[in-house]
Amino acid sequence: MIKQFFLLINIISIFFYQLFFSSDVSVKQTLPSTIAPNGEVTVTFTITKGDVAGFAMLKQTIPLGFVVEPIENKGATFSFKDQIVKYIWMSLPQDNEFTISYKLKNVSQDAGNYSLDGKFSYLADNEKSNIDIPSANFSVSSGEELPQIVNETETKTEEPTSTSKTEIAELSIDRTIDKISENKFKVSITISKQNVDGFAKLIETIPNEFSASQDKSQGGIFSFENGEVKLLWLAIPTQENFTASYFIETTSASGSKSISGVFSYLEGEETKKHSINSSSFNVDFNNEIVENTTAKEKQETSLQEKVTNENSKNIDNTSKKKEEDKKPITTTPAPETGITYKVQVGAFRENIVVDKFKKKFNLKENINLENHEGWTKLTTGSFNEYKSARDKRNMVRNNVKTAFVTAYNKGNRITVQEALMVSNQKWLK
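Counting from 1, position 290 in the sequence shown corresponds to residue 327 in this note's numbering; the numbering is continuous, with no gaps.
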């Protein structure tokens, strides 16, 4: 009796776990098995998205002799061109399961047998995943009234995807770097392609001292994190030649720098990678700061040695006072607890004189030094709410264009996205 009781508890636990925590993605297609000449039917897709959110696309090729009109889009952008139906979501609906539909109209009056398949693509961990929608067969009747049988097909993530014959892709990619100001550059990527469509991703690795911002993404999703610029397309532009661009900016770099990149795309069901040659450029910005920092360090070192060698009894109180005034005032902040946000205004491999930096950018805020991954990083402020840090960042950007929000958990750096999730706060532009 006790064993049966525990067995029942386990079965119930498994049921509720699968009910609430299953992350399988599946798509079920439903349509009648027959269409009358000049008739129309409704094609329905029931999408179970699991834990998937964000960008997604459903794509389907419609046989010749048929046209499509949308019925229910569930927030997607609908298009029908060159016999291809596309539903594109910038952000999937919040519901775990939802339904979209369209009208399929026969305009050819030709009797025959047809099929509909398709593909559902989505992002998982910033990588593209896709599942094939199995074919649903239907026919156009000769005019006699035939009973309509509902045709259902369903696919899940674990099912194998079909393969199809594809043409060989041809690619040529060039990068140009144009100087906008002493510390800002525009990076342009010109892509010339043939037989490349659907999913594509551009990853550019920029120097550590730089931040990046969006310019022209050509329909792609722009992101910048950990020194990598990403442009992600679920449907790359149809033009054979187009140019995407972004800006890079620094508050600390100098000398010769370079940018390298990789372009990924689909050839059939296989992901191909095309390396983009490195591009070099020179940065003259910050030379003055680095040189002055070195001179200042030598001067302070010499002064320190001189004072050390002197007999302290011969130093009067006035001299001591002057020397004390020259020393930077340092404070040890109290240990941080919980989630906090700050605004980073600079990062340096070399030593940096904070006062020189503040003077150059006309900063009135208190600046904190932080050693992180071999860098000396300059931050200001400490906020419990992301909104407050965002407002501070916007204000600081009047002086330092590359300022951005950083996040911490008990004093340790984490991503802003992770901090927002832990603190249950919303991201604000």
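Here a beta-carbon is modelled for each residue, glycine too, at the ideal position from N, C-alpha and C.
All values derive from a computational prediction rather than experimental measurement.
Nearest residue (CA-CA) to residue i, options the options
i: T71; options: A148, N245, F247, D215; result: A148
i: T98; options: L271, K165, D154, L303; result: D154
i: E106; options: P100, V122, G112; result: V122
i: F135; options: G76, K65, K96, R212; result: K65
i: E410; options: N245, S178, S166; result: N245
i: K253; options: E241, N263, L268, F261; result: L268
i: S250; options: A93, S145, F261; result: F261
i: Q255; options: L208, Y283, F385; result: Y283
i: R430; options: Y445, M458, Y378; result: Y378
i: V380; options: K396, R450, N143, Q231; result: R450
i: S178; options: I240, N263, V78; result: V78
i: N461; options: E422, S297, K309, I210; result: E422
i: K142; options: L101, A113, M432; result: L101
i: F394; options: S317, S289, A456; result: S289
i: W126; options: G91, S291, K140, P74; result: G91
i: A73; options: V144, T83, S312; result: V144
i: L208; options: D392, K424, V442, K309; result: K309
i: F318; options: P274, F398, I285, T67; result: I285
i: D234; options: R386, F300, E109; result: F300
i: V266; options: T443, Q276, I240; result: I240
i: S295; options: K140, F420, I214; result: I214
i: I137; options: F82, N174, F103; result: F82
i: L95; options: V104, F103, T85; result: T85
i: T275; options: K118, L457, V104; result: K118
7 Å CB neighbourhood of residue i in its chain, flanking five on each side removed
i: E407; result: K414, T416
i: K216; result: F222
i: S339; result: With a pLDDT of 38 at S339, under the threshold of 50, the predicted position of this residue should be treated as unreliable, though the coordinate-derived value follows. Cβ neighbours of S339 beyond the five flanking positions: none.
i: Q146; result: P74, N75
i: G112; result: W126, P130
Three-state secondary structure (DSSP) of residue i
i: F394; result: helix
i: E109; result: strand
i: N449; result: strand
i: M127; result: coil
i: L400; result: coil
i: I366; result: For I366, the predicted model reports a pLDDT of 41, less than 50, meaning its position is unreliable; a value from the coordinates is still stated below. If DSSP states are grouped into helix, strand and coil, I366 belongs with coil.
i: V459; result: helix
i: Q146; result: coil
i: V433; result: helix
i: K86; result: coil
i: D119; result: coil
i: R212; result: strand
i: D252; result: strand
i: D169; result: strand
i: K424; result: helix
Sequence-distant residues of the same chain with beta carbon closer than 6 Å to residue i, five excluded per side
i: T280; result: S225, T227
i: N278; result: S229
i: V459; result: I376
i: N232; result: E204, A206
i: S297; result: T242, S315
i: G257; result: L268, L269, W270
i: Q167; result: Correcting the residue identity first, residue 167 is Asn in this sequence and not Gln. Excluding residues within five positions, the ones whose Cβ falls inside 6 Å are K156, S158.
i: V391; result: I404
Close-in-space but distant-in-sequence residues of the same chain around residue i (CB under 8 Å, 5 per side omitted)
i: R434; result: A440
i: K165; result: S158, Y159, F236, K238, L269, L271
i: Q454; result: W464
i: V89; result: S60, V62, L129, Y159, L160, A161
i: L400; result: V382, F394, T417, V433, N436, V437
i: H311; result: L208, I210, V299, F300, S301, Y302
Interface flag, residue i vs chain B, CB-CB below 9 Å
i: Q462; result: Absent here is chain B; the protein component of the structure consists of one chain.
Heavy atom of the ligand MG within 8 Å of residue i beta-carbon
i: D321; result: In the structure shown, the ligand MG is absent, as is every other ligand, since no ligand is present at all.
Practice item. Identify every run of the beta strand (DSSP E) within the region 262-324, keeping only runs that are complete inside it and at least 3 residues long; order them along the chain. Key: 265-270, 278-287, 292-304, 307-320
Check your understanding: What are the uninterrupted segments assigned as beta strand (DSSP E) that are 3 or more residues long and contained completely in the region 217-242, given in chain order?
Key -> 221-231, 237-242
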